[in-house]
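**Student:** My questions will all concern the structure given below.
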Amino acid sequence: MLSKSPNPLILFAPLLLTCLVINAYGSSSSLIKSSCATTLYPHLCHSTLSTIPLTTTPTTKDLIQFTISKTKTTIQANLQTINHLATNATKRAKIALHDCLHLGAATLELIDTVAQELKAYPTKKPPRQHADDLITLMSTTITNKETCLDGLSLDEPSKLVRKLVFNGHDHVGKMCSNVLAMIKNMTESDAHTIDDGKIKMVTDEMWPEWLSAGDRKLLQSGTQTPNVTVAADGSGNYNTVAAAVAAAPSKSATRYVIKIKAGVYKENVNIPSGKTNLMFIGDGRSNTIITASESVAGGNTTFNSATVAAVGSGFLARDITFQNTAGPSGDQAVALRVGSDLSAFYQCGILAYQDTLYVHSNRQFFSKCMVAGTVDFIFGNAAVVLQDCDIQPRRPDPNQKNMVTAQGRTDPNQNTGIVIQKCRIAATSDLQPVQASFPTYLGRPWKEYSRTVIMQSAISDVINPAGWYPWNGDFALSTLYYREYQNTGAGADTSKRVTWPGWGVITTTSEAQSFTPGSFIAGGSWLQSTGFPYSLGLRSNYHQNMQFLLLFASLLTSLNLNHATSNSNIITSSCINTLYPDTCHTTLSDATQTIATIKDVIQLTLNKTKDTIQANFRTITDLTTTTNLTTRAKMALYDCLDMEAATLDQLDTVIEHLTEYPTKKPLRQYADDLKTLMSTTITNKETCLDGLAASNRVRKLIFEGEEHGGKMCSNVLAMIKNMTDTDIANSPEFDDRSAAGGRKLKGESKIMWPKWLSVGDRKLLTFWGLLTPTVTVDMNGKGDFTTVMEAVDAAPHKSDKRFVIKINAGTYREQVLVARSKHNIMFVGDGRGKTIITGNKSVAGDEGTTTTTTSATVAALGEKFLARDITFQNTAGASGHQAVALRVGSDLSAFYSCDIEGYQDTLYVHTNRQFYVNCLITGTIDFIFGNAAVVFQFCEIMARKPNTNQDNMVTAQGRTDINQETGIVIQKCKIGATPDLKPVQANVSTYLGRPWKKFSRTVVMHSEIGEVIKEEGWHPWEGDFALDTLFYREYKNTGPGSDTSKRVRWKGWGVIKDDNEANHFTVGSFINGLTWLLSTGFPFLPGL
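Quick note on numbering: the sequence shown equals residues -26 to -1, 1 to 1062 in mature numbering (1 follows the signal peptide of the UniProt record, and there is no 0).
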């Protein structure tokens, strides 16, 4: 048989394959060499790529993908090592290793995302967006490695563990660095050959094209409907924020909004990487507070100390305060840690001391936020821009220095850094008086390539002239990148700055532009979707169509001239009627919108006033966390926080009323409501400062801010008064005070109900004995509740229907708070002396933990509170000093047939409109005091025996502003002595009152005044304070103590001469009683 000849192709195949492999090797070797040349660790790069399969000629993308797969294997091996070490570690080392496991898992997730992104590169997104995303992801992997090792540096046992994991982590870090360098080189090369990468926009509003029509509409409307609500009081879907986060969907592609109602939420909250596109919305950073106190000093790691940790991408938050209260001695104690990519925060407070805000990784943006702290209080390695924020160093521990920033870039290829643009850097109120003793610097280099830029910001004199501070010796001074650009203020002078090689002043717009949100965090591609305000560049314009502006530039110039003149005229005419015209003009000096009416002026001033009150709230919140406070000072500051929160609520209500003014109510009712609300805001400020009278050092720290807020509120009150007085004078509207009708105590055959009172309410009030309570309190367990407070807690919030709590006979030893949100509550007892609510809190007792405000046995704050047939009592005694039985801040509140018993400061008529009929009030010093608009009718007002050498004062009225329509009116009452005082009343001086505040106003008319009252009638507060500015009047009183011939002869005291003047102080006029007292069912006399 003949043999078959071999195919020549088969003979040459090995040679051909060898040639192909050699050729591929040659090509790949050249590519590997060029790729590795761009890395920081080329030897490792070559070693990693030496085993790459060479069946075909690889691309740069192939080399990166292969390196990624090798990196992933190394990370997995590291995690196994850490897991093994964690079983036998000390407590702190174990926590740090747990952080390492968490960070390692996060890095694996990031590596997988990079691999997926690379597969899609460069066709699925614009090249620049691909580049930003990939570089951000790889930058974060390096930061995660550093964070793990940093956490193992806090004590000696942890440092030993650090040595065991260091080599593996250092190896991973270098591999990640090489991937980052190769990606950066590849994307930069491609960017020169492919399109310019600009994000395409649709419509003139500059929406990115990837934003859905639904999201555009949502953002344009400015409203968000929450998916769930968190409320500490149980009125929402969840009681805690963490519970709401846990219930949110995982990996959501759509926005999931969590509304967090006003309240203090004491919890640690973690938004893990799986919870994407979450949004927190609070009720204002003064009102919604998430707080905790984890710290390194308390045994935790820096990473794990965060009160709130936001890691899931696309996280947004607005109108919330994040707080860590570990204090300046807590060492590292994070309020907010952010690792969420494309995250943004608007109008948030971030409050702590060392390491307040941990901008850990990825791209972040903060707008109109307030960040306060001491050492390194903005730190981390994110690519972050803070814009239009208040950055406030606060008082640290002795011998500490403040550092605003400590940026942590470890690789020059990372796109990370801290940019502070158009912000205000200034000391908190607790630091200002002593700032010379605590040097404060803009920052120090935490890591080798630390990068921080501060531009177009106002820097106060709190910053040391050197500006920056070294970390340790000359570490990083040549490799850091610190820049300043166009800053202003006493601390902005760069002539005495450090002279390190890495520091400098930006001299060109093009260099500065690279650190704006548009360039530094690719803000143009994602910030629009947040709905938060921002500026992409160096200019102040916010997403304006520049072509449009240029086209109409000349027209706008003309309009602006007219607008400025018009604004100036209306502002001048509005401010001239205020008590503080300079403050008024300053407040309105930067008005940009057209101001056509006094209503426009008021609304603008209100918004500015809210900003001031919110700033005051933050200052006071800061002070409560300081460690050198006395207990009494801290309690007084808590009262201040309550007052500030109330003021913010009242300002919001004024804004709502003004929006509809003057169409929804009679003009006089608008006037009364608006003036009452603004009068209350001024009183709240005074209440705060009064509570700190015994803590003068702390009082000084907040005085300036409180005083400024008070002046702004005063100006709003004056402008409202002027506007409403003018409108009423020019209106043909009938006099609604008389048209509402009224009911007299005697001789009225038919009750004249106001039109707005429902038929059901008329029946309820007419047939009082048939009243059915909503719930019953019985101390013996025969009702729905055994305590009054339980019944109040069960009442609905902001109810527009009457909630009647029947309190059966018994002595209830408890403090009761009817909160501002509890509207239309009524207490009905079994009779004064039978149903008794009693307590004994006092300023002298309780080891300094009680203030006058918090001493009240019962505090009624929710509007339209009613009570009848009950005794309110404080038994602290004459030696208890201020000890309130009943404090009332409820608007349109009334009390019928009640006893109010105490000694000093028995009845605190704090604010708003109040009425008391057929009641008994007993006490010693200032036992009816406050700044409400209040009328007492047919009451017994009885002075009792005080301590030795004390004088009795029936009233101490607290009006501080001449435009406040507040005061105490005592009409048709009996003023006398209790049985314990009568035998010794000749030895005790008792007076009708004294002026607590400058414009104190009290009127006593048609009353029987007993001989217990001294013939001078009234007593000064101190020296000649307020004697010319007070308003004390008496009219047609009877009894041995009513003779006015020997009364004081102060300029502010007098006798009313006719009924016309006296009518101003009747129920119908003084508290507009005809519009609301009929609904109480209580008897009253509307006139004289």
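Even glycine gets a Cβ: it sits at the ideal position worked out from N, Cα and C.
Given the structure is predicted, the values throughout are model-derived calculations rather than measurements.
How many Å lie between THR827 and ASP843 at the Cα?
**Tutor:** The residue labelled residue 827 in the question sits at position 853 within the sequence shown. The residue labelled residue 843 in the question sits at position 869 within the sequence shown. Taking the straight line from one Cα to the other gives about 24 angstroms.
**Student:** Secondary structure at GLY807, three-state DSSP: helix, strand or coil?
**Tutor:** Taking the sequence shown and counting its residues from 1, the one referred to as residue 807 is at position 833. GLY807 falls in the coil class under three-state DSSP.
**Student:** Look up residue 1064 in the DSSP assignment and say whether it is helix, strand or coil.
**Tutor:** Residue 1064 is absent from the structure shown; the chain starts at -26 and stops at 1062.
**Student:** Would you tell me roughly how many angstroms separate the C-alpha atoms of ILE594 and THR34, rounded to the nearest one?
**Tutor:** As a first step, residue 594 is located in the sequence shown; it is residue number 620 there, counting from the start. As a first step, residue 34 is located in the sequence shown; it is residue number 60 there, counting from the start. ILE594 and THR34: Cα-Cα distance of roughly 57 angstroms.
**Student:** Under DSSP, the beta strand (DSSP E) around ALA917 begins and ends at which residues?
**Tutor:** By 1-based counting over the sequence shown, the position of residue 917 is 943. 914 to 917 is the span of the beta strand (DSSP E), which, as asked, contains ALA917.
**Student:** Could you check how far apart the C-beta atoms of GLY897 and GLN911 are, in whole angstroms? I think they sit under 8 angstroms.
**Tutor:** In the sequence shown, counting from the first residue as 1, residue 897 sits at position 923. In the sequence shown, counting from the first residue as 1, residue 911 sits at position 937. That pair is no contact at about 19 angstroms.
**Student:** Measure the alpha-carbon distance for LEU597 versus LEU611 and round it to whole angstroms.
**Tutor:** For the purposes of this step, residue 597 is taken as the residue at position 623 of the sequence shown. For the purposes of this step, residue 611 is taken as the residue at position 637 of the sequence shown. Rounded to whole angstroms, LEU597 to LEU611 spans 8 angstroms at the Cα level.
**Student:** Which one of VAL312, ILE365 and LEU666 has the shortest CA to CA distance from ALA357?
**Tutor:** The residue labelled residue 357 in the question sits at position 383 within the sequence shown. Comparing Cα-Cα distances from ALA357 to each of VAL312, ILE365 and LEU666, the minimum goes to VAL312.
**Student:** Could you tell me which whole alpha helix (DSSP H) segments of length 4 or greater appear in the region 580 to 661?
**Tutor:** Correct list: 605 to 634.
**Student:** Taking C-beta to C-beta, are TYR320 and ARG292 nearer than 7 angstroms?
**Tutor:** To locate residue 320, count along the sequence shown from 1; it is residue 346. To locate residue 292, count along the sequence shown from 1; it is residue 318. In contact: TYR320 and ARG292 (Cβ atoms closer than 7 angstroms).
**Student:** Looking at the structure shown, is THR41 part of a helix, part of a strand, or coil, going by DSSP?
**Tutor:** Translated into positions along the sequence shown, residue 41 becomes position 67. Of the three classes helix, strand and coil, the one that applies to THR41 here is helix, per DSSP.
**Student:** Distance check for ASP404 and THR600, CA to CA, integer angstroms please.
**Tutor:** Taking the sequence shown and counting its residues from 1, one reaches residue 600 at position 626. Taking the sequence shown and counting its residues from 1, one reaches residue 404 at position 430. The alpha-carbon atoms of THR600 and ASP404 are separated by roughly 9 angstroms.
**Student:** Any idea if ASN389 is buried or exposed, counting beta-carbon neighbours within 10 angstroms, 16 or more meaning buried?
**Tutor:** The residue labelled residue 389 in the question sits at position 415 within the sequence shown. By the 10 Å Cβ count, ASN389 comes out buried.
**Student:** Answer yes or no: do ASN244 and ALA220 have a C-beta to C-beta separation smaller than 7 angstroms?
**Tutor:** Counted from its first residue, the sequence shown places residue 244 at position 270. Counted from its first residue, the sequence shown places residue 220 at position 246. No, they are not a contact pair.
**Student:** Between ALA326, GLY237, ILE983 and VAL215, which has its C-alpha nearest LEU252's C-alpha?
**Tutor:** In the sequence shown, counting from the first residue as 1, residue 252 sits at position 278. The shortest C-alpha separation from LEU252 is found at VAL215.
**Student:** For PHE869, list the residues DSSP reports as bridge partners.
**Tutor:** Counted from its first residue, the sequence shown places residue 869 at position 895. ALA841 and TYR890, per the DSSP bridge assignment.
**Student:** Check whether the region 985 to 994 and the region 947 to 959 touch, using three or more Cβ-Cβ pairs below 8 angstroms as the test.
**Tutor:** The region 985 to 994 vs the region 947 to 959: in contact.
**Student:** Using the rule of at least 16 other Cβ atoms within 10 Å of the residue's Cβ for burial, across every protein chain shown, is ILE550 buried or exposed?
**Tutor:** For the purposes of this step, residue 550 is taken as residue 576 along the sequence shown, with counting starting at 1. The residue is exposed, with fewer than 16 neighbouring Cβ atoms inside 10 Å.
**Student:** Look at LYS815 and THR824 and say whether their C-beta atoms are less than 7 angstroms apart.
**Tutor:** Along the sequence shown, read from residue 1 onward, the residue named residue 815 stands at position 841. Along the sequence shown, read from residue 1 onward, the residue named residue 824 stands at position 850. Against a cut-off of 7 angstroms, the Cβ pair of THR824 and LYS815 comes out as a contact.
**Student:** When you compare the region 576 to 584 with the region 602 to 620, are there three or more beta-carbon pairs, one atom per stretch, that lie closer than 8 angstroms?
**Tutor:** The region 576 to 584, when compared against the region 602 to 620, does not touch it at the 8 angstroms Cβ threshold.
**Student:** Spatial neighbours of ARG471 within its chain, please: CB distance less than 6 angstroms, with the 5 preceding and 5 following residues excluded, ordered by chain position.
**Tutor:** Along the sequence shown, read from residue 1 onward, the residue named residue 471 stands at position 497. Counting only Cβ-Cβ distances below 6 angstroms, and skipping sequence neighbours, we find GLY441.
**Student:** Measure the alpha-carbon distance for ALA266 versus ILE294 and round it to whole angstroms.
**Tutor:** Position 292 of the sequence shown, counted from the first residue, corresponds to residue 266. Position 320 of the sequence shown, counted from the first residue, corresponds to residue 294. In a straight line, the C-alpha of ALA266 is about 14 angstroms away from that of ILE294.
**Student:** Residues bridged to GLN297 by DSSP?
**Tutor:** Working through the sequence shown from its first residue, we reach residue 297 at position 323. Answer by DSSP bridge pairing, in chain order: THR265 and LEU325.
**Student:** Can you tell me the Cβ-Cβ gap for ILE811 and THR831, rounded? I've got them flagged as a contact below 8 angstroms.
**Tutor:** Reading the sequence shown from its first residue, position 837 is the one you call residue 811. Reading the sequence shown from its first residue, position 857 is the one you call residue 831. Their Cβ separation, rounded to whole angstroms, is 6 angstroms, which keeps ILE811 and THR831 in contact under 8 angstroms.
**Student:** Relative to the alpha-carbon of LYS139, which residue among PRO27, THR661, LEU126 and ILE895 has its alpha-carbon at the smallest distance?
**Tutor:** The residue labelled residue 139 in the question sits at position 165 within the sequence shown. This sequence places Val at residue 139; Lys is not what is there. Nearest C-alpha to VAL139: LEU126.
**Student:** For ASN1037, list the residues DSSP reports as bridge partners.
**Tutor:** Mapped onto the sequence shown, residue 1037 falls at position 1063. Bridge partners of ASN1037: none, in fact.
**Student:** Closer than 6 angstroms by C-beta to THR661: which residues in its own chain qualify, once you throw out the five before and the five after it? Chain order, please.
**Tutor:** For the purposes of this step, residue 661 is taken as the residue at position 687 of the sequence shown. Closer than 6 angstroms at the Cβ level, and outside the excluded window around THR661, lie MET617.
**Student:** Could you spell out the range, first to last residue, of the beta strand (DSSP E) harbouring GLY784?
**Tutor:** Position 810 of the sequence shown holds residue 784. Taken as a continuous stretch (DSSP letters only), the beta strand (DSSP E) holding GLY784 covers 784 to 787.
**Student:** In chain order, what residues of the same chain have a beta carbon less than 8 angstroms from the beta carbon of PHE999, not counting five sequence neighbours either side?
**Tutor:** Stepping through the sequence shown from its first residue, residue 999 is reached at position 1025. Result list for PHE999: PRO969 and LYS972, in chain order.
**Student:** What are the boundary residues of the alpha helix (DSSP H) that includes GLN338?
**Tutor:** Here residue 338 is taken as the residue at index 364 of the sequence shown, counted from 1. That residue, GLN338, is in no alpha helix (DSSP H); its beta strand (DSSP E) goes 337 to 341.
**Student:** For PHE289 and chain E, any beta-carbon pair shorter than 7 angstroms?
**Tutor:** Among the chains of the structure shown, chain E does not appear; only one protein chain is present.
**Student:** I'd like the span of the alpha helix (DSSP H) that includes ASP364, first residue to last.
**Tutor:** Residue numbering aside, residue 364 sits at position 390 when the sequence shown is read from its first letter. Taken as a continuous stretch (DSSP letters only), ASP364 belongs to no alpha helix (DSSP H), being part of the beta strand (DSSP E) at 364 to 367.
**Student:** Is THR657 closer than 7 angstroms to THR885 when the C-beta atoms are compared?
**Tutor:** Stepping through the sequence shown from its first residue, residue 885 is reached at position 911. Stepping through the sequence shown from its first residue, residue 657 is reached at position 683. Contact: yes.
**Student:** How many Å lie between GLY237 and TYR212 at the Cα?
**Tutor:** Numbered from its first residue, the sequence shown carries residue 237 at position 263. Numbered from its first residue, the sequence shown carries residue 212 at position 238. Answer to the nearest angstrom: the Cα atoms are 13 angstroms apart.
**Student:** Quick one: Cα of ASN468 to Cα of LYS674, how far?
**Tutor:** As a position in the sequence shown, residue 468 is number 494, starting the count at 1. As a position in the sequence shown, residue 674 is number 700, starting the count at 1. Looking at the sequence provided, one finds Thr at residue 468 rather than Asn. If you take the alpha carbons of THR468 and LYS674, they lie about 33 angstroms apart.
**Student:** State yes or no: is the C-beta of LYS695 within less than 7 angstroms of the C-beta of ASN937?
**Tutor:** Taking the first residue of the sequence shown as position 1, residue 695 is located at position 721. Taking the first residue of the sequence shown as position 1, residue 937 is located at position 963. For LYS695 and ASN937, yes; Cβs fall inside 7 angstroms.
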